[in-house]
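*Asks:*
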Ligand SMILES: Nc1ncnc2c1ncn2[C@@H]1O[C@H](COP(=O)(O)OP(=O)(O)OP(=O)(O)O)[C@@H](O)[C@H]1O
Ligand SMILES: [Mg+2]
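Chains as they are written, first to last, in this note's numbering: chain S, 99 to 511; chain F, 3 to 255.
#1: Just checking: is the beta-carbon of residue 21/F within a distance shorter than 8 Å of some beta-carbon in chain S?
#2: Which chain F residues sit within Cβ distance under 8 Å of residue 461/S?
#3: Step through the CB atoms of chain S and report whether any lies within less than 8 Å of the CB of residue 9/F.
#4: Output the distance between the C-alpha atoms of residue 444/S and residue 139/S, rounded to the nearest integer angstrom.
#5: Could you tell me whether any non-hydrogen atom of ligand 2 is closer than 7 Å to the CB of residue 180/F?
#6: What residues in its chain sit with their C-beta under 6 Å from that of residue 353/S, if we drop five residues either side in the sequence?
#7: From the DSSP output, in three-state form, read off residue 371/S for me.
#8: When Cβ atoms are compared, which residues of the stretch 411 to 425 of chain S fall closer than 9 Å to chain F?
#9: CA-CA distance, residue 117/S and residue 222/S?
#10: Would the beta-carbon of residue 158/F be found less than 7 Å away from any heavy atom of ligand 1?
#11: Could you tell me whether the stretch 223 to 242 of chain S touches the stretch 257 to 272 of chain S, using the rule of 3 or more Cβ pairs below 8 Å?
#12: I'd like the list of long-range same chain contacts for residue 135/S, defined as Cβ closer than 6 Å, with 5 residues on each side in sequence excluded.
#13: Determine the DSSP secondary structure at residue 185/F, reduced to helix, strand or coil.
#14: Comparing alpha-carbon positions, which option in 181/S, 464/S and 472/S lies nearest residue 357/S?
#15: Look up residue 68/F in the DSSP assignment and give the residues it is bridged to.
#16: Taking Cβ positions only, does residue 267/S come closer than 8 Å to chain F?
#17: Taking a cut of 7 Å between CB atoms, which residues from the stretch 481 to 506 of chain S lie near chain F?
#18: Give the straight-line distance between the Cα atoms of residue 48/F and residue 359/S, rounded to the nearest whole angstrom.
#19: Can you tell me where the alpha helix (DSSP H) with residue 113/S in it begins and where it stops?
#20: Tell me, please, which residues DSSP counts as bridged to residue 245/S.
#21: Under 8 Å, Cβ to Cβ, is there at least one residue of chain S near residue 230/F?
#22: For chain S, find out if any of its Cβ atoms is closer than 8 Å to the Cβ of residue 98/F; answer yes or no.
#23: What are the start and end residues of each continuous beta strand (DSSP E) run of 3 or more residues lying completely inside the stretch 394 to 419 of chain S, in chain order?
#24: Just mark residue 80/F as buried or exposed, buried being the case when its beta carbon has 16 or more other beta carbons within 10 Å.
#25: Is any heavy atom in ligand 1 found nearer than 7 Å to the beta carbon of residue 19/F?
#26: With a threshold of 6 Å on Cβ separation, who are the neighbours of residue 414/S within its own chain once the five nearest residues in sequence on each side are excluded?
#27: What residue ranges within the stretch 91 to 158 of chain F form continuous beta strand (DSSP E) runs of no fewer than 3 residues, ordered along the chain?
#28: Applying the criterion that 16 or more other CB atoms from any shown protein chain within 10 Å of the CB defines a buried residue, is residue 351/S buried or exposed?
#29: Do residue 385/S and residue 416/S have their CB atoms nearer than 8 Å?
#30: Using a beta-carbon distance cut-off of less than 9 Å, what residues from the stretch 145 to 168 of chain F approach chain S?
#31: Determine, using beta carbons only, whether residue 36/F comes closer than 8 Å to chain S.
#32: Looking only at C-alpha atoms, which of 378/S, 285/S, 133/S and 268/S sits nearest to residue 537/S?
#33: Which value, in whole angstroms, describes the spacing of the CA atoms of residue 506/S and residue 499/S?
#34: Consult DSSP for residue 475/S and reduce its assignment to one of helix, strand or coil.
#35: Does the distance from the CB of residue 208/F to the CB of residue 67/F come in under 8 Å?
#36: Got a sec: is the Cβ-Cβ distance from residue 57/F to anything in chain S below 8 Å?
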């Protein structure tokens with residue numbers, strides 16, 4: 099069922115185009131190759147009302163808070179400036195919807211038919227732009243983007259744009275801890291020449307919710323982008339990332355893990371465009387599935403004809419903790435240049451009996467032994483994040499999920 | 003039940019994947035004693051060590067095993083370990099992604115908890131480990147790596163003995179701890195094991211070679227063949243095997 103747009107008034111007229119496009123195409127079905135494994139047409143049964151105000155509770159999971167972070171708190175997709183706190187002089191924050199050129203900036207031809215893109219651009223109430231120009235600063239500012247909500251029949255459509263000027267740097271912690279029924283955020287990061295960004299996203303929302311996050315990255319020359327994404331929330335979760343390498347010598351490291359239990363449907367999708375020569379991309383994906391959960395990774399790497407000397411690596415591994423889970427992987431390599439190194443690999447396995455016995459033979463209880471091996475399976479994904487305080491958050495959510503999952507499976511099995 | 007015995011195995015039969023491998027083992031090890039088991043390849047030595055330590059898939063079909071006077075055949079592997087049983091693996095297992103220190107500490111603390119003692123924190127534990135590691139020639143660098151990952155064959159065996167030194171078991175089974183060790187490492191490891199000989203600690207040493215037994219001198223030697231103990235004797239039995247092989251012994255059984 100589609101969200102309800104009766105009597106809905108857009109903030110800016112051009113948003114109407116996106117709503118119309120969305121309503122015309124509707125939720126994608128499995129006939130749409132991009133949504134082959136995640137047919138929202140069949141999966142979304144409820145109608146949602148677009149979140150228009152700050153109603154509802156602020157819910158937060160008990161992750162350790164980060165001192166000195168610039169906190170932007172979004173409720174129902176809307177920036178709550180009362181609760182938000184920005185200290186750093188390096189950051190300039192505006193609402194792009196106040197600016198008539200917004201439509202031009204946000205227009206992405208490749209995404210013209212993308213349902214989440216159209217829905218959120220149509221339904222958004224504000225677009226928060228953070229400009230960073232801190233090449234000469236010694237410190238790297240930390241931005242914490244915290245998304246929450248309190249109404250189950252509501253959908254939220256936050257849009258955040260982070261623009262890094264030449265040689266600027268920033269660390270971003272993005273947390274989705276929402277109780278909204280549907281959450282479809284768009285995070286857009288533009289990395290200027292030589293800029294550096296560590297970006298950790300933790301989608302740990304309520305298990306009843308639907309989480310459709312879209313992350314859009316553009317990288318200029320010599321920029322360095324490191325993303326770690328954890329998804330453990332939502333009955334339906336799709337974490338989708340599109341990244342354009344537009345300047346030479348740019349590098350990106352993308353790590354994603356999905357953690358699914360019960361009947362969760364966890365989709366990780368990446369679209370990587372090597373548009374110019376001499377760039378490097380590395381993707382590590384790990385999935386852990388328990389009960390009857392389903393996990394999907396779709397990873398496209400497109401190497402343009404002019405993108406010679408591209409180095410693109412993609413490795414995905416799934417760990418199945420129960421017999422009734424399913425993991426699907428769809429790598430898509432579209433290589434139009436001849437002098438490139440592109441590799442991909444995928445494995446699916448279970449916990450190793452031999453390793454488990456080694457641990458329990460040392461007196462370590464089975465629950466703890468399983469947890470140790472699951473965490474070990476995931477640990478590689480954090481190796482590229484260069485901000486310890488972000489790493490700590492990710493580790494917290496990993497450990498939290500693993501300890502709950504191993505305790506549950508020992509009490510039922 | 004003899005109050006002196008730590009391990010007592012009676013008429014033990016066991017199957018692996020439905021095949022009976024152990025056909026009625028009887029063995030008694032008293033407090034402080036070191037026994038050796040020798041026997042041809044495939045005779046069931048490692049199987050016995052797994053059955054004793056409670057590995058899943060190794061099914062006991064008859065007989066009994068008791069540790070410190072209590073039957074353990076219904077206990078899980080981790081319970082048996084915390085009750086004082088320790089197995090040094092013939093093939094130690096690599097655990098990529100599991101930090102050596104957190105692994106060692108988890109097993110160390112599991113034992114402390116069992117005994118109602120307070121767990122040790124990371125810093126105190128590092129000191130304890132370093133002291134033991136030094137005796138076995140294990141470097142700090144090795145301690146920092148994930149468990150057994152990238153260790154040489156000899157390093158893995160030393161790491162097993164390090165764990166034994168930390169866990170202080172009352173009954174240790176050493177499955178071919180000498181295989182893969184060079185002459186010097188054999189000496190270091192044997193000395194490490196000898197340091198752990200204690201009136202309250204018994205050992206069952208599985209080996210193919212008399213060489214090890216000249217370092218770790220056993221109180222008794224048993225020959226396992228075809229899933230049965232076919233002969234028992236004192237340390238001279240090991241010399242006999244070294245000289246004549248198992249042929250003559252099998253005949254005698
Ligand atoms: N899963 C299994 N299914 C069937 N037979 C098995 C299985 N595992 C082991 N065996 C058999 O059990 C027998 C005993 O094996 P075990 O490893 O205990 O021998 P061992 O005495 O330790 O030999 P070695 O000296 O080579 O280490 C062998 O014949 C082996 O093939
Ligand atoms: Mg063996």
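Glycine included, C-beta positions come from ideal geometry on N, C-alpha and C.
*Replies:* Checking against the coordinates, here is how it stands:
#1: Position 19 of the second chain holds residue 21/F. Closer than 8 Å to the CB of residue 21/F there is not a single CB belonging to chain S.
#2: As a first step, residue 461/S must be located in the first chain, where it is residue number 363. Going along chain F in sequence order, the residues near residue 461/S (Cβ under 8 Å) are 80, 83, 84, 109, 112, 113, 116 and 169.
#3: Taking the second chain and counting its residues from 1, the one referred to as residue 9/F is at position 7. For residue 9/F, the closest Cβ of chain S is not nearer than 8 Å.
#4: The residue given as residue 444/S occupies position 346 in the first chain. The residue given as residue 139/S occupies position 41 in the first chain. When rounded, the distance between both Cα atoms is 28 Å.
#5: Locating residue 180/F in the second chain gives position 178, where the first residue counts as 1. Outside the cutoff, so no.
#6: For the purposes of this step, residue 353/S is taken as the residue at position 255 of the first chain. 326, 382 and 479.
#7: Within the first chain, numbered from 1, the residue matching residue 371/S stands at position 273. Three-state result, residue 371/S: strand.
#8: So nothing in the stretch comes that close.
#9: The sequence position of residue 117/S within the first chain is 19, counting from 1. The sequence position of residue 222/S within the first chain is 124, counting from 1. Taken atom to atom, the span from the alpha-carbon of residue 117/S to that of residue 222/S is near 10 Å.
#10: Residue 158/F sits at position 156 when you count from the first residue of the second chain. No, Cβ of residue 158/F sits at least 7 Å from all heavy atoms of ligand 1.
#11: Three or more beta-carbon pairs drawn from the stretch 223 to 242 of chain S and the stretch 257 to 272 of chain S are found closer than 8 Å, and the two stretches are therefore classed as touching.
#12: Taking the first residue of the first chain as position 1, residue 135/S is located at position 37. Excluding sequence neighbours, residue 135/S sits near 394 and 426.
#13: As a working mapping, residue 185/F is identified with position 183 in the second chain. Three-state DSSP puts residue 185/F in a helix.
#14: In the first chain, the residue the question calls residue 357/S occupies position 259. The shortest C-alpha separation from residue 357/S is found at 472/S.
#15: Translated into positions along the second chain, residue 68/F becomes position 66. Under DSSP, the beta-bridge partners assigned to residue 68/F are 10/F and 73/F.
#16: For the purposes of this step, residue 267/S is taken as residue 169 along the first chain, with counting starting at 1. For residue 267/S, the answer is no, since every Cβ of chain F falls outside 8 Å of its Cβ.
#17: Taking 7 Å as the Cβ-Cβ cut-off against chain F, none of the residues of the stretch 481 to 506 of chain S qualify.
#18: As a first step, residue 48/F is located in the second chain; it is residue number 46 there, counting from the start. As a first step, residue 359/S is located in the first chain; it is residue number 261 there, counting from the start. When rounded, the separation of the alpha-carbon atoms in residue 48/F and residue 359/S is 38 Å.
#19: Looking up residue 113/S in the first chain gives position 15. Counting along the chain, residue 113/S sits inside the alpha helix (DSSP H) bounded by residues 113 to 123.
#20: Here residue 245/S corresponds to residue number 147 of the first chain, with the count starting at 1. The partner list for residue 245/S (beta bridge, DSSP) reads 172/S and 274/S.
#21: If you number the second chain from 1, residue 230/F lands on position 228. Residue 230/F does not count as touching chain S.
#22: Within the second chain, numbered from 1, the residue matching residue 98/F stands at position 96. It does: the Cβ of residue 98/F has a partner Cβ on chain S nearer than 8 Å.
#23: With a minimum length of 3 residues, the continuous beta strand (DSSP E) runs that stay inside the stretch 394 to 419 of chain S are 409 to 418.
#24: If you number the second chain from 1, residue 80/F lands on position 78. So residue 80/F ends up on the buried side.
#25: Within the second chain, numbered from 1, the residue matching residue 19/F stands at position 17. Yes, the beta carbon of residue 19/F sits closer than 7 Å to at least one heavy atom of ligand 1.
#26: One-based indexing of the first chain puts residue 414/S at position 316. Excluding sequence neighbours, residue 414/S sits near 383, 395, 427 and 444.
#27: Restricted to the stretch 91 to 158 of chain F, not a single beta strand (DSSP E) segment is unbroken, complete and at least 3 residues in length.
#28: Taking the first residue of the first chain as 1, we reach residue 351/S at position 253. A residue is called buried when at least 16 other Cβ atoms come within 10 angstroms of its Cβ; residue 351/S meets this threshold and is buried.
#29: Sequence index remark: in the first chain, residue 385/S carries index 287 (1-based). Sequence index remark: in the first chain, residue 416/S carries index 318 (1-based). Contact: yes.
#30: Correct list: 148, 149, 150 and 165.
#31: Residue mapping note: residue 36/F aligns to position 34 of the second chain, counting from 1. So no, residue 36/F is outside the interface.
#32: Since the first and last residues shown for chain S are 99 and 511, residue 537/S lies out of range.
#33: Along the first chain, read from residue 1 onward, the residue named residue 506/S stands at position 408. Along the first chain, read from residue 1 onward, the residue named residue 499/S stands at position 401. Whole-angstrom Cα-Cα distance: 11 Å.
#34: For this step, residue 475/S is matched to residue 377 along the first chain. Under the three-state reduction of DSSP output, residue 475/S falls in the helix class.
#35: Numbered from 1 along the second chain, position 206 holds the residue referred to as residue 208/F. Numbered from 1 along the second chain, position 65 holds the residue referred to as residue 67/F. Residue 67/F is positioned such that its CB atom lies no closer than 8 Å to that of residue 208/F.
#36: Indexing the second chain from 1 puts residue 57/F at position 55. Yes - at least one Cβ of chain S is within 8 Å of the one on residue 57/F.
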